[in-house]
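Below is one structure, written out as structure tokens; comments come after it.
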Amino acid sequence: MAGRTGQTIARDLKALGAHVTVTFRKKKDEARLFEMGLTPIHIDLMVEDLQHYDVIVNTVPAMVLDEEALNYVPKDCYIIDVSSKPGGVDFDYAKQIGIQAELAGSLPSIVAPKTAAYYLFRFLTNYIATADKKGR
1 MAGRTGQTIA RDLKALGAHV TVTFRKKKDE ARLFEMGLTP IHIDLMVEDL
51 QHYDVIVNTV PAMVLDEEAL NYVPKDCYII DVSSKPGGVD FDYAKQIGIQ
101 AELAGSLPSI VAPKTAAYYL FRFLTNYIAT ADKKGR
């Protein structure tokens with residue numbers, strides 16, 4: 001299940017009215033995510049579901065969004081990776097296929113996870129509002 005930063009981001013986006021999907025590995029985490037009003041999806045099934053996302057926030061510091069996975073991501077999806085270096089996104093491939101992806105580094109979890117999640121939440125809120133105005 002998502003760590004502190006991921007949980008804060010997921011909870012706040014849900015409170016904003018967003019449909020939030022969170023990946024999990026352990027069965028016990030699935031029930032917790034469901035109880036929080038989030039959509040749980042096992043990490044092994046994540047790739048096929050990526051086509052439905054407008055924004056992806058990665059908190060896993062291991063390669064999660066590799067070339068294969070990124071081929072499922074819509075071109076207008078925004079990916080932000082807040083995990084520790086080296087991150088979990090193949091940034092070069094994302095750029096090559098036209099997906100905007102940024103590495104925000106491990107700063108959130110090292111310095112102030114709740115504050116960082118709050119500011120990331122504000123950024124994503126503004127990004128979503130701008131995208132809505134553009135008709136995305």
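In terms of the numbering used here, the sequence shown opens at residue 1 and continues consecutively. Just so it is clear, CB atoms sit at the ideal spot from N, CA and C, and this is done for glycine as well. No experiment lies behind these values; they were computed from the predicted model shown.
Run through DSSP, which three-state label would residue i get?
i	result
H42	strand
V73	coil
V22	strand
Measure the alpha-carbon distance for residue i versus residue j and round it to whole angstroms.
i	j	result
L124	L33	21 Å
K95	K75	10 Å
Y53	V73	7 Å
K85	G105	6 Å
C77	L70	10 Å
L45	G3	20 Å
Just curious, the beta strand (DSSP E) that residue i is in, first and last residue?
i	result
L103	Q100 to L103
T59	Unbroken run through T59: none, as it is neither H nor E.
Y78	Y78 to D81
Counting contacts by CB-CB distance shorter than 7 Å, is residue i in contact with chain D?
i	result
T130	Absence of chain D from the displayed structure is noted, only one protein chain being present.
Would you mind reading off the limits of the alpha helix (DSSP H) that contains residue i?
i	result
Y118	P113 to K133
I9	R4 to A15
Are there 16 or more other CB atoms within 10 angstroms of the CB of residue i, so buried, or fewer, so exposed?
i	result
T23	buried
A129	exposed
A62	exposed
- So does the segment 10 to 26 actually touch the segment 36 to 48, counting three or more Cβ pairs closer than 8 Å? yes
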